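Right, one structure below, let's go through it.
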Amino acid sequence: MALTNMIPMLNVSDIQTSLAFYHEALDFRVVSNPAAVQDWRWATIRSGWTEIMLTQTATPPQPIADMDPHANTAWPAIFYFYPDDVARLYAQVIARGFKPTALKVTVYGMREFSLADPDGHWLSFGQDEEE
């Protein structure tokens with residue numbers, strides 16, 4: 123048996139706020155039945171080939187307070203994305219009014235930055251420095 127795909131499901135405190143963030147910052151679009159957003163407060167969203175499920179919970183998730191994932195390794199999870207042009211994505215995120223960490227080259231050879239969503243989930247974006 124082989125696993126063929128993985129889609130993370132993130133608990134969010136407000137489905138509409140999260141849908142707006144993921145659309146405005148990263149061009150995600152709802153691909154699941156739109157009625158599920160209203161009826162179940164749940165959605166699958168997609169940007170390119172990447173999908174995430176969002177579900178609104180009765181108990182809001184605990185945000186990670188002002189943590190920089192590049193400076194601290196005590197985070198519970200980081201969702202790592204591979205854009206085709208990390209520098210262009212970084213400029214787009216800033217131009218759209220969001221505040222990511224600095225774009226920098228890591229000791230392991232990735233050019234990357236991170237951005238927290240409205241519930242404090244860390245989203246990191248990286249591209250091999252040689253690309």
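So the sequence shown is numbered by the working numbering: it starts at 123 and just counts up by one. A virtual CB, placed ideally from N, CA and C, is assigned to each residue, including glycine. Note that the structure is a prediction, hence the values are computed from the model and not measured.
Going by C-alpha positions, Thr228 is about 18 Å away from Asp206. Membership of Tyr202 in the beta strand (DSSP E) is indicated by the continuous run Ile200 to Phe203.
Residues of the same chain with a CB within less than 6 Å of the CB of Ser169, apart from the 5 flanking positions on each side, are Leu148, Asp149 and Phe150 in chain order. Contact between the stretch 234–245 and the stretch 128–146 is present, with at least three C-beta pairs closer than 8 Å.
Only residues of its own chain outside the window of five on either side were considered, and among them Ser246 have a CB closer than 6 Å to the CB of Tyr202, listed in chain order. Around the beta carbon of Ile174, 16 or more other beta carbons lie within 10 angstroms, which makes this residue buried.
By the CB criterion at 8 Å, Ala157 and Ile137 fall outside the cutoff. Under the three-state reduction of DSSP, Thr179 is assigned to coil, being neither helix nor strand.
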